[in-house]
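Residue numbers (my numbering), protein chains in the order written: chain G, 22 to 344; chain D, 22 to 344.
Protein chains: 2
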Amino acid sequence: MKVNIVKKEAVLGIDIGGTNTVFGVMEQNGNYIFKDSIPTIRQEKAEKLFTRLFDKFNKHIKILPEIKIIGVGIGAPNANYYKGTVENPVNLNWGVVDVVNLVKKYIDLPIFITNDANIAAIGEMKFGAAKGLKNFIEITLGTGVGSGVIVNGDLVYGQDGFAGELGHVIVEKNGRKCGCGRRGCLEAYASASGIVRNAYNLLVNDNNDSKIANIPFSDLTSKIIYDFAIEGDLVAKQAFEVTGEYLGRAFADFTAIFCPEAIIIYGGIARAGDILLNPIKKHLEDNVMEIFKGKVKIIESGLSEEDIAVMGAGAFCWHKLKK
Amino acid sequence: MKVNIVKKEAVLGIDIGGTNTVFGVMEQNGNYIFKDSIPTIRQEKAEKLFTRLFDKFNKHIKILPEIKIIGVGIGAPNANYYKGTVENPVNLNWGVVDVVNLVKKYIDLPIFITNDANIAAIGEMKFGAAKGLKNFIEITLGTGVGSGVIVNGDLVYGQDGFAGELGHVIVEKNGRKCGCGRRGCLEAYASASGIVRNAYNLLVNDNNDSKIANIPFSDLTSKIIYDFAIEGDLVAKQAFEVTGEYLGRAFADFTAIFCPEAIIIYGGIARAGDILLNPIKKHLEDNVMEIFKGKVKIIESGLSEEDIAVMGAGAFCWHKLKK
Numbered sequence: 022m023k024v025n026i027v028k029k030e031a032v033l034g035i036d037i038g039g040t041n042t043v044f045g046v047m048e049q050n051g052n053y054i055f056k057d058s059i060p061t062i063r064q065e066k067a068e069k070l071f072t073r074l075f076d077k078f079n080k081h082i083k084i085l086p087e088i089k090i091i092g093v094g095i096g097a098p099n100a101n102y103y104k105g106t107v108e109n110p111v112n113l114n115w116g117v118v119d120v121v122n123l124v125k126k127y128i129d130l131p132i133f134i135t136n137d138a139n140i141a142a143i144g145e146m147k148f149g150a151a152k153g154l155k156n157f158i159e160i161t162l163g164t165g166v167g168s169g170v171i172v173n174g175d176l177v178y179g180q181d182g183f184a185g186e187l188g189h190v191i192v193e194k195n196g197r198k199c200g201c202g203r204r205g206c207l208e209a210y211a212s213a214s215g216i217v218r219n220a221y222n223l224l225v226n227d228n229n230d231s232k233i234a235n236i237p238f239s240d241l242t243s244k245i246i247y248d249f250a251i252e253g254d255l256v257a258k259q260a261f262e263v264t265g266e267y268l269g270r271a272f273a274d275f276t277a278i279f280c281p282e283a284i285i286i287y288g289g290i291a292r293a294g295d296i297l298l299n300p301i302k303k304h305l306e307d308n309v310m311e312i313f314k315g316k317v318k319i320i321e322s323g324l325s326e327e328d329i330a331v332m333g334a335g336a337f338c339w340h341k342l343k344k
Numbered sequence: 022m023k024v025n026i027v028k029k030e031a032v033l034g035i036d037i038g039g040t041n042t043v044f045g046v047m048e049q050n051g052n053y054i055f056k057d058s059i060p061t062i063r064q065e066k067a068e069k070l071f072t073r074l075f076d077k078f079n080k081h082i083k084i085l086p087e088i089k090i091i092g093v094g095i096g097a098p099n100a101n102y103y104k105g106t107v108e109n110p111v112n113l114n115w116g117v118v119d120v121v122n123l124v125k126k127y128i129d130l131p132i133f134i135t136n137d138a139n140i141a142a143i144g145e146m147k148f149g150a151a152k153g154l155k156n157f158i159e160i161t162l163g164t165g166v167g168s169g170v171i172v173n174g175d176l177v178y179g180q181d182g183f184a185g186e187l188g189h190v191i192v193e194k195n196g197r198k199c200g201c202g203r204r205g206c207l208e209a210y211a212s213a214s215g216i217v218r219n220a221y222n223l224l225v226n227d228n229n230d231s232k233i234a235n236i237p238f239s240d241l242t243s244k245i246i247y248d249f250a251i252e253g254d255l256v257a258k259q260a261f262e263v264t265g266e267y268l269g270r271a272f273a274d275f276t277a278i279f280c281p282e283a284i285i286i287y288g289g290i291a292r293a294g295d296i297l298l299n300p301i302k303k304h305l306e307d308n309v310m311e312i313f314k315g316k317v318k319i320i321e322s323g324l325s326e327e328d329i330a331v332m333g334a335g336a337f338c339w340h341k342l343k344k
């Protein structure tokens, strides 16, 4: 007698990070069947990374006959949704790789890829602070300032999959040099290194006493500034206020453009809490057009950084499959 | 014997302008069955305007038994797509009017309303320079600077129907006073009065000879500046260059945000042609992120201002009905 087992549908979510590549098999409700990770090796080519990943994946899946994988979602730096490629990621020696077709060799299913910030936005919409929202902006505050924008319930990809570079709008004409080569981008004022530059700029201009003056510029981090601010260091607190002002002013522009229900921030600096959120909210309201006042919520992400990446990759796959 | 006539489906498009309200009955391919207009009377309440409009409409439609109207699209200033309202339009003594429910009393069909710039974007997508595009920005350069943004083939409305105020992003921190009450908006530098202010600002700062110096500030118009520029007046030409620089720099930011296939400009100033388009293109390319260079086309609208408004209103109705 043949027994038909109704298999449980799940997707594989993969987050390719600079240090670790995390992957997990997830049901549509966000429930993990399993989660695992492998180290990301900078010098290694993409094919080797996926060989190591699928070796581990296959060991897991072999002992789970009741699970049916129906798709793969991948989050990666410089990923192009339309082309299925990852193009010259800063921290990986990959060059341009056709990731979707590469992964198809390991698992022949629908495969979707997009960049980390877009993944974060979808993860937030399905499982985090943006549940139920159809128009919101996810801002990632870390080494850079990234963003994923949701309009009418879907991601803004633009003509070529590279839209949503909200960290690279100009907030100071002829301002600070940005990593992108231009001057005055939001990222140069609100990323982890942006807040370090804000702190040193305050020292330079106001000459107030601060423990920051004892730390060399190249050793100072947003975490140190945060710790000093909590201890009451005036300059450290001002550095967060200045960062919040830049973000709040930029968010006023983003509101004129998108009028989102919420702007959600995540990443290391976002965890500073009220010492950053309060100045953001103040300067957003001070600078936004009259018709938008009081309308846009500023919220901290509802997910941990690891969850947003892996759950987001899985959620992205479900989002595309169910369209 | 009863004869069944297959009726031709058409929609009614209405553009409520400051001077005239134009309306037309249009097939899906953009073919007009008829077009007519009534004067818009500032002091009059909305109900009276629509009574006059539908009196005229009914006379037309009475002699067209082969036409079946299946919906109404309306473009109006300060129109809210979600609520169906027009809210405190500057040039009309309306206050807040529930236009959709008001018009339903005259014609009980699906009725859709949105603001002029959104209508222009839809008209451009169906019949103008944006045919076939799914990601583009329509910028209207006139008394103000308006915009309609198309993402994934649909309009960006935002949480409340008021998204797409690209004329009110800040291009000069603590800059010129804008009509919206704030300082430094793009509109204060690139609207019809913005270019007048640019011209006078050049006189003030550079003190060069110009025929503009003979015209009082309150009499100067973008049309006069254009005529002087064509005659070779240096300051008048520079006024267009400065205006184009502000637009080009702002478009570089819009590109980082949306990466559109094209940015399409329409309205009085847009008709200046190359003396405006060339500096826009130059400053866009000079200021855009490396990955976006050469990707975004700057195009003049493919429709006249009247056509974009009425055909746009009709196209908007078709767009909503066929969703």
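Just so it is clear, CB atoms sit at the ideal spot from N, CA and C, and this is done for glycine as well. In this text, all values refer to a predicted model and were calculated from it rather than measured experimentally.
Check for me: the beta strand (DSSP E) holding residue i runs from which residue to which?
i: G/A31; result: K29 to I37
i: G/N41; result: N41 to M47
i: G/S325; result: Here G/S325 belongs to no beta strand (DSSP E), and DSSP marks it neither H nor E.
i: G/T161; result: F157 to L162
i: G/I134; result: I132 to T135
i: G/K343; result: It is not in any beta strand (DSSP E) - G/K343 carries neither H nor E in the DSSP assignment.
Are residue i and residue j closer than 8 Å when you measure CB to CB?
i: G/A184; j: G/I216; result: no
i: D/I160; j: D/I284; result: yes
i: G/A67; j: G/L33; result: no
i: G/T106; j: G/V117; result: yes
i: G/V192; j: D/A277; result: no
i: D/I91; j: D/L154; result: no
i: D/I143; j: D/F157; result: no
i: D/A257; j: D/S239; result: no
i: G/G202; j: D/E311; result: yes
i: G/E282; j: G/V43; result: no
Mind pulling the chain G residues with CB within less than 7 Å of residue i?
i: D/M146; result: What D/M146 touches in chain G: nothing, since even the nearest Cβ is about 14 Å away.
i: D/N156; result: G179 and Q180
Among the options, which has the Cα closest to the Cα of residue i?
i: D/R63; options: D/N112, D/R204, D/Q49 and D/T42; result: D/N112
i: D/E262; options: D/K125, D/V190, D/A220 and D/K343; result: D/A220
i: G/L207; options: G/S243, G/N195 and G/V166; result: G/V166
i: G/T164; options: G/V331, G/A291 and G/F337; result: G/A291
i: D/K318; options: D/S325, D/E327, D/H304 and D/N235; result: D/H304
i: D/G289; options: D/S214, D/N299 and D/I54; result: D/S214
i: G/I37; options: G/D76, G/A100 and G/S231; result: G/A100
i: D/S168; options: D/V27, D/I286 and D/L324; result: D/I286
i: G/R204; options: D/F148, D/D274, D/K89 and D/D248; result: D/D274
i: D/P60; options: D/L255, D/G39 and D/E306; result: D/G39
i: D/R218; options: D/I246, D/D307 and D/C280; result: D/I246
i: G/C338; options: G/L162, G/K28, G/T242 and G/N50; result: G/N50
i: G/P27; options: G/L162, G/G202 and G/P86; result: It is Val, not Pro, that sits at residue 27 of chain G in the sequence shown. Comparing Cα-Cα distances from G/V27 to each of G/L162, G/G202 and G/P86, the minimum goes to G/P86.
i: D/G269; options: D/P98, D/D57, D/N228 and D/G188; result: D/G188
i: G/I296; options: G/S58, G/F249 and G/G333; result: G/F249
i: G/G253; options: G/Y267, G/F272 and G/I233; result: G/I233
i: D/N41; options: D/D57, D/W115, D/E48 and D/N52; result: D/D57
i: D/K147; options: D/I132, D/L176 and D/V121; result: D/L176
i: D/K83; options: D/K104, D/Y102, D/V46 and D/W115; result: D/V46
Quick one: give me the first and last residue of the alpha helix (DSSP H) that residue i is part of.
i: G/V121; result: V120 to K125
i: D/D248; result: S243 to E252
i: G/I278; result: L255 to F279
i: D/I54; result: Here D/I54 belongs to no alpha helix (DSSP H); instead the beta strand (DSSP E) covers Y53 to P60.
i: D/Y210; result: E208 to A211
Chain D partners of residue i, CB-CB under 7 Å?
i: G/G202; result: E311
Are there any heavy atoms of the ligand PLP lying less than 7 Å away from the beta-carbon of residue i, as far as the coordinates show?
i: D/T42; result: Absent from the structure shown: the ligand PLP. Ligands present: none.
ask   = Which residues, in chain order, does the segment 169-198 of chain D contribute to contact with chain G at a C-beta distance below 9 Å?
value = Within the segment 169-198 of chain D, the residues whose Cβ lies closer than 9 Å to any Cβ of chain G are, in chain order, V170, V172, N173, D175, L176, V177, Y178, G179, Q180, D181, G182, F183, A184, G185, E186, L187, G188, H189, V190, I191, V192, E193 and K194.
task = Could you run through the segment 274-302 of chain G and flag, in chain order, every residue whose CB is less than 7 Å away from some CB of chain D?
result = Within the segment 274-302 of chain G, those residues whose Cβ lies closer than 7 Å to any Cβ of chain D are, in chain order, D274, A277, I278, F279, C280, P281 and E282.
Chain D contacts from the segment 98-126 of chain G (Cβ-Cβ distance under 8 Å) = Cβ contacts with chain D: none found.
key: Members of the segment 312-341 of chain G that neighbour chain D once the beta carbon cut-off is set at 9 Å   = Using a CB distance below 9 Å, the part of the segment 312-341 of chain G facing chain D consists of I312, F313, K316 and V317, ordered along the chain.
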